[in-house]
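Chains as they are written, first to last, in my numbering: chain A, 123 to 440; chain B, 406 to 657; chain C, 42 to 321. Glycine residues also receive a C-beta, built at the ideal position from the N, C-alpha and C atoms. Working notes for the structure below.
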Amino acid sequence: MLQETDTRRWQIEKKLSGDFVFKGLTVVFAFTILAILLLMVEEMHRESLPALAKFGWRFVTGREWDAVQSSFGALPFIWGSVISSVLALFLATPLSVGTALFITEIAPQRFGGVVSALVELLAAIPSVIYGLWGVLVMAPWLQQSVEPFLSERLGFIPVFQGTPYGVSMLAAVFILMIMVVPIITAITREVLLTVPQSQKEAAVALGATRWEMIRMTVLPYGRSGILGAVILGLGRAIGETMAVTMVIGNTPQISLSLLSPAYTMPSVIANEFAEASSKLHSSALMEIGLILLVVTLIINILARLLLWGVSRQRGRTP
Amino acid sequence: MNHKVLLYSLNVHFGATHAVKGVTLAFPENSVTAIIGPSGCGKSTVLRAINRMHDLTPGARVSGSIALDGTNIYANNVDPVAIRRRIGMVFQKPNPFPAMSIYDNVISGYKLNGRIRRDDADEVVESSLKRVALWDEVKDRLRANAMELSGGQQQRLCIARTIAVKPEVILMDEPCSALDPIATMKIEELIEELKEKYTIIIVTHNMQQAARVSDVTAFFYLGELVECGDTPMIFTKPEKRQTEDYITGRFG
Amino acid sequence: MSRLTFRHAKNGCMTFLMGVFTLAVLIPLILIFAHIVRMGISSISVDFFTQIPRPTGETGGGMANGMVGSALLIFLASCLGIPVGVFGAVYLAEYGGSRISTVIRFAADVLAGVPSIITGMVAYALLVVPMKGFSALAGAFALALIMIPIVLRTTEEQLKLVPVTLREASLALGVPLWRTTLKVTLRSALKGVMTGVLLAIARIAGETAPLLFTALGNQFWSGKLTEPIAAMPLQIFNFAISPYEDWHRLAWAGALVLVTVMFGLSLAARYFGRTKQSGL
């Protein structure tokens, strides 16, 4: 061994190096990521071509979804996805930002740490388990207590009209809210931690109360990051499949009432794709998938751009 | 005396910064050459050029040539890895491998490159540690983690690790700057002994250290070589005004 | 009321409100968790771990095939997802130029946000259709696609934490860069990499949507990787939406097992991870 080293020391001719091979390997793997993303878009597009050709723009405006008649319009699903996600976000945003502020600015450090660890653990619970709870516990509760109350007392508003089914748009909104709150809270918390102590101290030194300090420095400083967190939550909500499928009632209709069952884009894919009755049926489902993919890509790109801005402010490489 | 390493109009750029400017300098064999100068004068940059450590720095460009025994190490057909086996390096802060024992650190040059026979390993560990006068201090705990050693011991371990792979030249980048005076003294004694077998090039910001350990001293300022000569001459009768100002402490 | 009193009152109100919001967030989550534990413990039995589901109408049975199936799917997904994620991260941290690395990093972040049901559809188009059948392999492929960005981003962050001096020490000993990367850099980051891998496994262990039309599910034991295979999340889903009380009990027991496994993985990840994971 040692003598071998002695002779090797004089070999300074270059060999085909392990470095070249190893680097090549890592290049291939790294570019796999890009390839996967492009492949996804390409595959989804290719598979939806028959539906795209047959229906064109009528696909997104059509209200009828009938596999037997081979007539496919996706509007009820788009409607269901948009309404459920937007309402869920509308409820979840103040709760999440309030909780994140509570953790970072108000609670004693130890307690805040416990709350945030709890929130992070709960963010990891799989959606099928939220769905299980939603369909077996929450939906019956909604049907027996909440929805009758709403339709009796507030029934004059169209939004609360109708028979209480339990499984409904309202159930989907609640379950989505419960699911995205931990995600938005966790990211907002990280954003708020980047607010420089010096800025907060400056506000306090001017005689601001804690709330004024939050209003004057913390929220303006974290604005784009919080927006990023909310948009990321929107992406999760729109793409959420299992829990929504289990509680929304899976009825392709456009109803103003939160009490009636509805349907979303991921849910119809989950329910029908494995047993699609015809080539056109599965292609129509692929096109719904393509719409979903494009929408979530745009949402995620937007959210990441906002959040990367924050991590750059923090002086960390993105 | 033979010239072991010869720099010929060496330039190093980092992006738009011209860090080393046209340096031509010879390092005699089996002697200690000190490179001194104020911080930012490019002395570490020169040192790192000698074992091609800049190869991995994005944006770094080296031009001119560096000859080791007459062969240009920046020639196209030269493998930088082979060069680094012949030209070892000791760093400013002791950097033993934290996940390895003392024993494994000494033979890390072999282990990381493949396998080493057990008998050979024992022999290399003992002789290398004896050379750096660490053997008696650690022989009973060779399997202990290297991070348990004191800073001075860690630095001697790093030197042992370097000489274990039998280099011809050892580069030292301010090897004592993180050490206390007693540990520094031990390293300096060690350098004195090592020069019998190796050509040593040491960068230091400590002029007393340069005066104590080196045979030849080179003074750098703003990326240029100002003056180079026998150490006693440089410290007693420097030719250039800048050198005199620096060693008498008027700047830097 | 003076201006100052008003400001203090407002401060008090807002502080109170944020406390209320926090409770509003925590209470449903804790309720869900408590319910899973209560229902799960009362439903779980030895049979649950040793039996496969009984036909409709019969009571008893368990999820043994689902647990084994999930373990197998996770193992297969890891075989593909971990190398791609880890070595992709090595490229980003050690070789990549800044622009191309940024693009790949961005792609990984965006990929992590793609709904998992889409991943399932892509796996269907790429594997199920050409192989003419639902299979464990297709399920594992879909899960691997979900795993890759998570492993990549956490590994890259960990590699960046390894001090440059260690890499230099190894390089200066005449060790080639690739061996340095494998034996020094990756070795030093091993704990952090493990954290990322555990988090990724925790994530895919509960994924249901991507398996719906890849692994499909199976009432029985499956013998080949080219056949449909049972998985716990799929079984929980099917049992939950069934009308049978007995199957609901199995679903709760399954949920408890799944949540326990995930919390275990999460705790293990925390143990390995000296640095906290960033969601940014």
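As assigned by DSSP and simplified to three states, the class of residue i
i: A/Met123; result: Any reading at A/Met123 needs caution, since the residue's pLDDT is 31, under 50, leaving its predicted position unreliable; the model's value is listed next. Three-state result, A/Met123: coil.
i: B/Cys633; result: strand
i: B/Leu430; result: strand
i: B/Ala623; result: strand
i: B/Lys409; result: strand
i: B/Asn477; result: strand
i: A/Ala396; result: helix
i: C/Gly101; result: coil
i: C/Val203; result: coil
i: C/Leu257; result: strand
i: B/Thr438; result: strand
i: B/Arg561; result: helix
i: A/Thr386; result: coil
i: B/Val467; result: strand
i: C/Ala164; result: helix
i: A/Ile279; result: coil
i: B/Asn550; result: strand
i: C/Ser328; result: The structure shown has nothing for residue 328 of chain C, since chain C only spans 42 to 321.
i: B/Val483; result: strand
i: A/Ser404; result: helix
i: A/Thr363; result: coil
Short CB-CB distance (under 9 Å) between residue i and chain B
i: C/Pro96; result: no
i: C/Thr316; result: At C/Thr316, the pLDDT of 47 sits below 50, so the modelled position is not reliable; the number obtained from the coordinates is stated separately. Output row for C/Thr316: interface = no.
i: C/Ala134; result: no
i: C/Arg146; result: no
Nonlocal neighbours in the same chain, by C-beta distance under 8 Å from residue i, ignoring five residues either side
i: B/Val511; result: Val529, Val530, Ser533, Leu534, Leu562, Ala565, Arg566, Ala569
i: C/Gln276; result: Pro94, Met104, Gly107, Gly258, Leu291, Ala292, Gly295
i: A/Leu407; result: Val390, Ile391, Glu394, Phe395, Ala398
i: C/Lys224; result: Ser211, Val216
i: C/Ile82; result: Leu297
Chain A contact for residue i (CB, 9 Å cutoff)
i: C/Val78; result: no
i: C/Gly138; result: no
i: C/Lys51; result: yes
i: C/His203; result: The question names His, but residue 203 of chain C is Val in the sequence shown. No, its Cβ sits nowhere closer than 9 Å to a Cβ of chain A.
i: C/Asp150; result: yes
Residue i - partner residues in DSSP beta bridges
i: B/Gly493; result: B/Ile575
i: A/Asp188; result: A/Ser193
i: A/Val163; result: Paired residues: none, contrary to the question.
i: B/Val425; result: B/Val417
i: B/Ile606; result: B/Thr438, B/Leu576
i: C/Leu270; result: Residue 270 of chain C is actually Ile in this sequence, not Leu. Answer is C/Leu257, bridged to C/Ile270.
i: B/Ala472; result: B/Leu411, B/Asn477
i: B/Val529; result: Paired residue(s): none; B/Val529 is not in a bridge.
i: C/Val125; result: Per DSSP, none; premise fails for C/Val125.
Chain C within 9 Å of residue i, Cβ atoms only
i: B/Cys563; result: yes
i: A/Leu298; result: no
i: B/Pro580; result: no
i: A/Met338; result: no
i: B/Ser513; result: yes
i: B/Leu539; result: no
i: A/Pro230; result: no
i: B/Leu576; result: yes
Residues near residue i in its chain [Cβ-Cβ closer than 6 Å; skip 5 each side]
i: C/Ala181; result: Leu114, Leu117, Ala118
i: B/Asp578; result: Ser449, Leu452, Phe496, Gln497, Val608
i: A/Leu428; result: Ser346, Leu349, Gly350
Beta-carbon contacts of residue i that lie in its chain and below 7 Å, excluding the five residues immediately before and after
i: B/Gly420; result: Gly464
i: B/Asn550; result: Ser506
Touch test, the stretch 549-560 of chain B against the stretch 207-217 of chain C, Cβ-Cβ under 8 Å, three pairs minimum: no
Three or more C-beta pairs closer than 8 Å, one from the stretch 232-239 of chain C and one from the stretch 333-348 of chain A: is that the case here? Cβ pair count under 8 Å is below three, so no.
Determine contact between the stretch 454-474 of chain B and the stretch 412-423 of chain B, defined as no fewer than three beta-carbon pairs at a distance below 8 Å. Taking one beta carbon from each stretch, the stretch 454-474 of chain B and the stretch 412-423 of chain B have 3 or more pairs nearer than 8 Å; the two touch.
Contact between the stretch 491-502 of chain B and the stretch 453-460 of chain B (3+ Cβ pairs under 8 Å): Flag = yes, the stretch 491-502 of chain B and the stretch 453-460 of chain B touch.
With three or more beta-carbon pairs closer than 8 Å as the criterion, would you say the stretch 251-269 of chain A touches the stretch 82-89 of chain C? no
Mind the definition here: the stretch 370-385 of chain A touches the stretch 183-199 of chain C only if three or more C-beta pairs lie below 8 Å; say whether that holds. no
Is there contact between the stretch 333-342 of chain A and the stretch 416-435 of chain A, where contact requires at least three CB pairs shorter than 8 Å? no
Does the stretch 256-270 of chain C come within contact of the stretch 223-242 of chain A, defined as at least 3 CB pairs closer than 8 Å? Fewer than three pairs of CB atoms, one per stretch, sit closer than 8 Å, so the stretch 256-270 of chain C makes no contact with the stretch 223-242 of chain A.
Validate contact between the stretch 137-152 of chain C and the stretch 163-170 of chain C using beta carbons, cut 8 Å, 3 pairs: The stretch 137-152 of chain C, when compared against the stretch 163-170 of chain C, does not touch it at the 8 Å Cβ threshold.
Validate contact between the stretch 235-246 of chain C and the stretch 143-151 of chain C using beta carbons, cut 8 Å, 3 pairs: In short, these stretches do not touch, since the Cβ pair count stays below three.
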